[in-house]
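Chains as they are written, first to last, in my numbering: chain R, 23 to 241; chain A, 23 to 241.
There are 2 protein chains.
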Amino acid sequence: MAAEESTAIRRRGRPRKSQGGDDADPRVAIVAAASALFAAQGIEAVTMAQVAERAGLQQSSIYYWFRSKADVLRAILEDVNRIPLRIVEEARTSGGPIADRLHRLIREDVLALCRFPFDINEIHRLAAGDPDGFADYWEERARLDQEVAALVSEGVASGALRPVDPVLAARSLLAADEATQNWFRVGGDPDYTEEDVAAHVAVAGVRSLLADGVDWTPA
Amino acid sequence: MAAEESTAIRRRGRPRKSQGGDDADPRVAIVAAASALFAAQGIEAVTMAQVAERAGLQQSSIYYWFRSKADVLRAILEDVNRIPLRIVEEARTSGGPIADRLHRLIREDVLALCRFPFDINEIHRLAAGDPDGFADYWEERARLDQEVAALVSEGVASGALRPVDPVLAARSLLAADEATQNWFRVGGDPDYTEEDVAAHVAVAGVRSLLADGVDWTPA
DNA sequence: GTCTATATCTGGATAGAC
DNA sequence: GTCTATCCAGATATAGAC
C-alpha cells in the first residue's frame, strides 16, 4: 500500500506534531486505535478524529493510509474473523467423542468471542448494509455455519446426539456464543469470569443436544 | 401530552400537505412509522425526515409531538418492553413441573422477540450510552433476569434441574433467546419459521439444564 | 508522510409564518 | 398543528503547503 523505507533512518514527510501511538507502522497504530475505540463505543459512534488522536496522528492523515472508515474496519475484520473458523476446523478434524469435541469447540469459541474487540451484532448490521464490501466476511460466516452443522450431523448419525436438525442446531449454538459475547461485553458483570461463562455455555450447549440415556461429563 | 380535541370536527393548525400515515393521532402514526423504519434499517440509521415522511408529516412537525429522537424510541420501548416480563411472570406463578414451565417460557419469549420490531442488541447499546434516559428500561431488564433466575433456582432446589448457578443459567437462557431473534431478523432464513426456531431453542434450553436421569419431553 | 485548512454533506433541532 | 426556512453541530473526505 504505502511506500516502504528500505533501511534509511530519515523519515519522510513533515514530522508528527505529537505521537500518542506507537511510533511503528502508522497502519498498525491506526488499526489498533480503531479496534479499541470500536470495542468501547461501537463502530458507528467512533469518529475518524478519535481514531487519529489515539493513533498519534491528525484526523486527515488517516486518509493517507486508508481510503475510508469502512476500509479500516475491513482491515480489522480480516485479522480476527478467521479465529472461530480455525477453532471449528480443529474440532472437525480432531478425533475423540463428538460430545467432547463439541464441548471444546463451544468453550473456545465463547472465549475467543469474549476477547473479540467488537460487538459482533453491530458488525453484522454494518456488513448487511454493504454486502459487496463485506463479501469475504459473509462467505467465511457461511462456512462457519456449515462446519458446525457437519459436526452436529456426524453426532446425530452416530447416535451420540439426539435427532435434531443439524443446520438449526448449529445456528443456535453459534448464536448462543455470540449472544454470550454481547452481554458479557455490555454488562461487564464482574461476578463471572470469561472462563465461568464459557464453561457454562459449553456444557449447556452439549447437553442440549445429547441423546437420551447418554451419560456425559466434561473431560 | 398534546392538546385533545373534544368533539369538534374542525382541525387545528395548517392542513397537512399530504397524509401518508393514518389520519389518526399523529403521535401514533409517528411511533408506528419509527417502529417500522427502526426495524428495517436499525435505529441509528433512520433519520427524522424518513420517519416524518412515512408518518405523513414534515420533518420538523415531529418535534411538536416529541422533543427528540430518543424520546420517540422511549415511547416505543414503553409499549413493547413489558411483554417478555409478562411471559416470565406467568411462568413463575403458574403450576406444573418446572421443565414444562421453563419450556413454555423460552418458547414464548423467542416468539415474542422474533416479532419484536427491533434489534435488541442495538437497543442495549443505545440504552447503555444513555443510562439515565433509559433507567426504566434497565430496571425492567434486571427484573427479567431475576425472575428467570428464581425459576431456575426453584428447579435446582427441587432436583428437577442440575445444580447450575441460577443467575448464570438465567442470563444464558435469555441471551440465547435474544441471539435467536437477532439472526432470525438479520438472516431471514426462509427455511425455518419462527415456530421451528422457537421450538428448537426451547427444547434445547430445557435439556441443557435438566438433571441427570430425568426423563422429559415437551408436553 | 503529515500537517493545516476547508469543502461538503448530513441530520437533529429551532423560529416564526400561517 | 403543521408548514417553510434555517441554524448549527459534527463528520467524512479532499487540497495543497511543508
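Where a beta carbon is used, it is the ideal one built from N, C-alpha and C, also for glycine.
Note that the structure is a prediction, hence the values are computed from the model and not measured.
Taking just the CA atoms, how far does residue j sit from residue i?
i: A:Val-236; j: A:Arg-129; result: 21 angstroms
i: A:Ser-57; j: R:Glu-162; result: 32 angstroms
i: A:Glu-100; j: A:Phe-156; result: 10 angstroms
i: A:Glu-268; j: R:Ile-145; result: Shown here, chain A extends from 23 to 241; a query on residue 268 of chain A therefore has no answer.
i: R:Ala-24; j: R:Trp-87; result: Confidence in R:Ala-24 is poor, its pLDDT being 43 and thus under 50, which makes the residue's placement too unreliable to answer from.
i: A:Asp-158; j: A:Ser-175; result: 26 angstroms
i: R:Asp-141; j: R:Ala-61; result: 7 angstroms
i: A:Gln-81; j: A:Val-73; result: 8 angstroms
i: A:Arg-49; j: A:Pro-37; result: 16 angstroms
i: A:Gly-151; j: R:Asn-204; result: 15 angstroms
i: R:Leu-232; j: R:Ala-149; result: 34 angstroms
i: R:Ala-220; j: A:Arg-104; result: 29 angstroms
i: A:Tyr-85; j: A:Gly-35; result: 15 angstroms
i: A:Asp-218; j: R:Trp-160; result: 24 angstroms
i: R:Leu-195; j: A:Ser-116; result: 29 angstroms
i: R:Arg-89; j: A:Tyr-214; result: 40 angstroms
i: R:Pro-212; j: A:Pro-212; result: 39 angstroms
i: A:Trp-238; j: R:Trp-238; result: 17 angstroms
Drop a sphere of 10 angstroms on the beta-carbon of residue i, count the other beta-carbons inside from all chains shown, and report buried for 16 or more, exposed for fewer.
i: A:Thr-202; result: buried
i: A:Asp-234; result: exposed
i: A:Arg-193; result: buried
i: R:Asp-93; result: exposed
i: A:Ala-30; result: Residue placement at A:Ala-30 is poorly supported in this model, since its pLDDT is 49, which falls under 50; the coordinates are not used for a value here.
i: A:Ala-113; result: buried
If the criterion is Cβ atoms closer than 8 angstroms, does the pair residue i and residue j meet it?
i: R:Lys-91; j: R:Met-70; result: yes
i: R:Ser-254; j: A:Ala-226; result: Outside the displayed range of chain R (23 to 241) lies residue 254 of chain R, so it cannot be described from this structure.
i: R:Leu-59; j: R:Val-68; result: yes
i: R:Glu-224; j: A:Ala-197; result: Residue identity differs from the one stated: residue 224 of chain R is Ala in this sequence, not Glu. Taking 8 angstroms as the Cβ cut-off, R:Ala-224 and A:Ala-197 do not qualify as a contacting pair.
i: R:Leu-107; j: R:Leu-173; result: no
i: R:Ala-171; j: R:Pro-188; result: yes
i: A:Ala-164; j: R:His-222; result: no
i: R:Glu-200; j: A:Glu-66; result: no
i: R:Arg-96; j: A:Gly-64; result: no
i: A:Leu-127; j: A:Ile-109; result: yes
By Cβ distance, which residues of its chain are closer than 8 angstroms to residue i, with the 5 residues on each side in sequence left out?
i: R:Glu-216; result: Val-132, Leu-133, Cys-136, Arg-137, Phe-206
i: A:Asn-143; result: Glu-200, Asn-204
i: A:Ser-28; result: Low confidence applies to A:Ser-28: its pLDDT is 44, below 50, so where it sits in the model is not reliable, and the reading given next is rough at best. So no residue of the chain qualifies.
Is any heavy atom in the ligand SAM found nearer than 7 angstroms to the beta carbon of residue i?
i: A:Arg-193; result: What this structure holds is no ligand at all, so the ligand SAM is not there to describe.
Excluding sequence positions up to five away, which residues of its chain have a Cβ less than 6 angstroms from the Cβ of residue i?
i: R:Ala-77; result: Gly-43, Ala-51, Ile-52, Ala-55
i: R:His-125; result: Ala-224, Val-228, Pro-240
i: R:Pro-185; result: Val-178
i: A:Pro-139; result: Ser-57, Ala-61
Suppose the cutoff is 7 angstroms on Cβ atoms and the five residues either side in sequence are ignored; what does the same chain contact list for residue i look like?
i: R:Glu-111; result: Glu-169
i: A:Val-102; result: Phe-138
i: R:Asp-47; result: none
Decide yes or no for the touch test of the region 180 to 188 of chain R against the region 117 to 127 of chain R: beta carbon pairs closer than 8 angstroms, at least 3 of them.
With the cut-off at 8 angstroms, the region 180 to 188 of chain R and the region 117 to 127 of chain R touch.
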